[in-house]
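Under my numbering, residues 36 to 283 are what the sequence shown spells out, in order.
Yeah, the Cβ is synthetic: ideal placement off N, Cα and C, and Gly gets one too.
Notes follow once the structure below has been shown.
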Amino acid sequence: MEQKELKGLLNKVAKGELTVDEAVLQFRAEPFTDLGFAKPDHHRAVRQGVAEVIYGAGKTPEQIIRIAQAMLESGQKTVVITRMSEQAARLAEKALPFTYYETGHIGIVGVMPAPDTDTEIVIATGGTSDIEVAEEAAVTAEALGNKIIRIYDVGVAGIHRLFAHSDDILRARVIIAVAGMEGALASVIGGLADCPVIAVPTSIGYGASFGGLSALLSMLNSCAGGVSVVNIDNGFGAGYLASMINHI
Numbered sequence: 036m037e038q039k040e041l042k043g044l045l046n047k048v049a050k051g052e053l054t055v056d057e058a059v060l061q062f063r064a065e066p067f068t069d070l071g072f073a074k075p076d077h078h079r080a081v082r083q084g085v086a087e088v089i090y091g092a093g094k095t096p097e098q099i100i101r102i103a104q105a106m107l108e109s110g111q112k113t114v115v116i117t118r119m120s121e122q123a124a125r126l127a128e129k130a131l132p133f134t135y136y137e138t139g140h141i142g143i144v145g146v147m148p149a150p151d152t153d154t155e156i157v158i159a160t161g162g163t164s165d166i167e168v169a170e171e172a173a174v175t176a177e178a179l180g181n182k183i184i185r186i187y188d189v190g191v192a193g194i195h196r197l198f199a200h201s202d203d204i205l206r207a208r209v210i211i212a213v214a215g216m217e218g219a220l221a222s223v224i225g226g227l228a229d230c231p232v233i234a235v236p237t238s239i240g241y242g243a244s245f246g247g248l249s250a251l252l253s254m255l256n257s258c259a260g261g262v263s264v265v266n267i268d269n270g271f272g273a274g275y276l277a278s279m280i281n282h283i
């Protein structure tokens with residue numbers, strides 16, 4: 036049960052449209068299901084506002100399918116599966132109402148919700164090679180009810196490309212800046228925008244980038260105010276945090 040549904044249930048009780056006992060009956064669903072290898076948390080949406088997300092890496096396709104089925108049976112309308120392999124996706128398509136977003140390696144079980152806010156999240160990448168991580172962030176945020184504006188391949192090597200999207204930058208409620216190499220994009224955007232900027236370092240770059248460590252350190256050392264940083268290649272974490280900010 037999500038927070039909106041919980042509030043709706045309590046409002047019905049307050050208005051006399053539902054008895055206390057009827058409301059208790061609807062709320063008595065088990066807080067988790069014990070599958071042996073996993074325990075899907077059905078009350079996370081009540082506590083945190085967002086339902087549990089399945090991390091697909093390291094799980095077998097059969098485990099992913101069973102966890103997703105348990106979530107659907109508990110009433111969850113949208114199940115997000117991150118870091119999902121194409122092999123797992125092909126099997127999930129046969130067992131679940133399922134859509135696979137190949138670039139971001141994300142599976143969506145159930146319905147992709149329509150945006151429930153008027154404000155926008157802008158996602159910008161330094162280069163085309165960063166799009167895989169950016170799409171993980173984008174699809175995550177879309178699954179959480181946000182409108183996304185994508186601005187890809189606008190890195191500092193051709194900064195005029197970013198300036199061509201100034202209107203989007205200035206209108207955004209929150210911006211996700213995804214970049215590898217030296218990770219300078221986050222600082223540039225942070226110096227232009229009046230909203231929070233979430234920096235995502237990627238593992239894109241030559242040897243001295245140390246698998247994204249140089250971009251991570253550059254972003255952590257940004258002199259632009261309002262820039263926060265998530266872990267290397269953590270598009271999901273950026274999309275989730277951006278959604279929280281966008282819904283405040």
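- Kindly give me the distance between the Cβ atoms of S257 and A250, rounded to whole angstroms, as I take these residues to be in contact under 8 angstroms. To locate residue 257, count along the sequence shown from 1; it is residue 222. To locate residue 250, count along the sequence shown from 1; it is residue 215. Rounded, the Cβ-Cβ distance is 11 angstroms, inconsistent with contact.
- Item | Three-state class that DSSP yields for V235 in the structure shown | Position 200 of the sequence shown, counting from 1, holds the residue named residue 235. Annotated three-state conformation of V235 is strand, per DSSP.
- Measure the Cβ-Cβ separation of V168 and N281 and say whether it is below 9 angstroms. Working through the sequence shown from its first residue, we reach residue 168 at position 133. Working through the sequence shown from its first residue, we reach residue 281 at position 246. Between V168 and N281, the C-beta gap is not smaller than 9 angstroms, which leaves the two residues out of contact.
- Message: Can you look up F133 in the DSSP assignment and give me helix, strand or coil?
- Response: Counted from its first residue, the sequence shown places residue 133 at position 98. Strand.
- Message: Just to confirm before moving on: does the CB-CB distance between A127 and P148 stay below 9 angstroms?
- Response: Residue numbering aside, residue 127 sits at position 92 when the sequence shown is read from its first letter. Residue numbering aside, residue 148 sits at position 113 when the sequence shown is read from its first letter. For A127 and P148, no; Cβs fall outside 9 angstroms.
- Query: Which residues mark the beginning and the end of the alpha helix (DSSP H) in which V174 is found?
  - Reply: Looking up residue 174 in the sequence shown gives position 139. Looking at the DSSP string, the run of the alpha helix (DSSP H) that includes V174 is I166 to A178.
- Message: Comparing C-alpha positions only, which one of G91, I102 and G246 sits nearest to P75?
- Response: In the sequence shown, counting from the first residue as 1, residue 75 sits at position 40. Checking every option, the nearest Cα to that of P75 belongs to I102.
- Message: Going by the DSSP bridge assignment, what does D76 pair with across the sheet?
- Response: Stepping through the sequence shown from its first residue, residue 76 is reached at position 41. According to DSSP, D76 bridges with F67.
- Output the boundary residues of the beta strand (DSSP E) element that contains V209. In the sequence shown, the residue the question calls residue 209 occupies position 174. V209 to A214 is the span of the beta strand (DSSP E), which, as asked, contains V209.
- Counting Cβ pairs, one atom from each stretch, are 3 or more of them under 8 angstroms apart for the region 201-214 and the region 228-237? By the Cβ rule, the region 201-214 counts as touching the region 228-237, because three or more pairs are nearer than 8 angstroms.
- Taking Cβ to Cβ, would you say G272 is nearer than 9 angstroms to G225? Against the sequence shown, residue 272 aligns to sequence position 237. Against the sequence shown, residue 225 aligns to sequence position 190. With respect to the 9 angstroms criterion, G272 and G225 are not classified as neighbours on the basis of their beta carbons.
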